[in-house]
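So that you can map any letter, position 38 of the sequence shown is 38 in our numbering, and since no number is skipped, the others follow by simple counting.
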Amino acid sequence: MPSGQTHDRITLWSLPWVVALAIAITRDSALVLIICGGFLFGGLMLGPDLDIHSIHFKRWGWFRWIWIPYRGSMRHRSPLSHAPIIGTVLRVLYLGVWLGTIGLVAVAAANEIWQLGWTRAEIVAIVRRSIQQHYLSGLALALGLELGALSHYIADWGVSTCKRYRTQGWKAFVRSRPAHQRSSPKRRSKS
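Spelled out as structure tokens, the structure:
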């Protein structure tokens with residue numbers, strides 16, 4: 001598999017292509033920035049290798065502790081961490097739970113300290129209104145995050161395929177049946 005530094009280079013070298021594609025499709029500079037920011041964050045910070053002690057994990061610095069339960073619950077390269085869409089969605093949801101919990105605690109503390117008088121209903125209404133007003137930006141961010149992770153998946157798949165090709169030749173591209181299903185001697189029928 002490519003090293004963490006190789007994955008970083010692939011992410012950074014792919015950025016101009018993501019910029020060009022985002023400009024061609026959206027023609028909106030704000031959405032291009034959101035897609036590209038998501039791409040960089042998805043490729044450099046929220047990558048699939050958060051399930052091991054990787055460069056992605058180390059970049060979280062003092063906050064890497066939030067990824068320890070994730071690492072403990074994921075097998076490396078499992079479909080839950082290294083599958084397109086599923087892996088990214090799970091990492092975003094996992095991070096969202098942490099951010100949501102921290103946000104709720106911060107709002108509750110601010111409400112108590114400064115006697116702001118915010119109710120849960122008001123906070124939920126503000127969050128709902130923000131999501132409705134900025135849904136397109138949210139979709140752009142989700143696309144960027146997935147593209148960042150996709151660069152990782154493609155690099156892993158490419159290296160694995162090349163290694164299999166070197167050892168197995170063209171047979172690497174053809175799935176063989178498991179040994180117990182291969183042609184076994186036919187049983188003679190008794191007549």
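In this text, a Cβ means the ideal position worked out from N, Cα and C, and glycines have one as well. Only a predicted model underlies this, so the values are computations on that prediction, with no experimental measurement involved.
For isoleucine 192, does the three-state DSSP call read helix, strand or coil? A question about residue 192 goes unanswered here, because the residues of the chain that appear run from 1 up to 191.
Is the region 10-26 in contact with the region 135-153, if contact means three or more CB pairs nearer than 8 angstroms? Three or more Cβ pairs drawn from the region 10-26 and the region 135-153 lie within less than 8 angstroms of each other, which places the two stretches in contact.
Let's see if you can read the secondary structure: which residues bound the alpha helix (DSSP H) around lysine 163? Here the alpha helix (DSSP H) through lysine 163 covers 135-168.
Would alanine 109 be called buried (16 or more neighbouring beta carbons within 10 Å of its own) or exposed? Exposed is the call here.
Among Arg59, Pro84, Met74, Arg27, the one whose alpha carbon lies nearest that of tryptophan 157: Cα-wise, what sits closest to tryptophan 157 is Pro84.
Residues near lysine 58 by beta carbon distance below 6 angstroms, same chain, minus five either side: Close CB contacts of lysine 58 within its chain, under the 6 angstroms cut and outside five residues either way in sequence, are absent.
Could you tell me whether the region 73-87 touches the region 30-37, using the rule of 3 or more Cβ pairs below 8 angstroms? Counting Cβ pairs under 8 angstroms, fewer than three are found: no touch.
Residue nearest to aspartate 51 in terms of C-alpha spacing, selected from Arg64, Phe39, Phe41, Leu40: Answer by Cα proximity: Arg64.
Flag this pair as touching only if the region 109-122 and the region 65-76 have three or more C-beta atom pairs under 8 angstroms; answer yes or no. Between the region 109-122 and the region 65-76 there are fewer than three inter-stretch CB-CB distances shorter than 8 angstroms, so the stretches are not counted as touching.
Starting from aspartate 8 and walking both ways along the alpha helix (DSSP H), at which residues does that stretch end? Where aspartate 8 is concerned, the enclosing alpha helix (DSSP H) stretches over 4-26.
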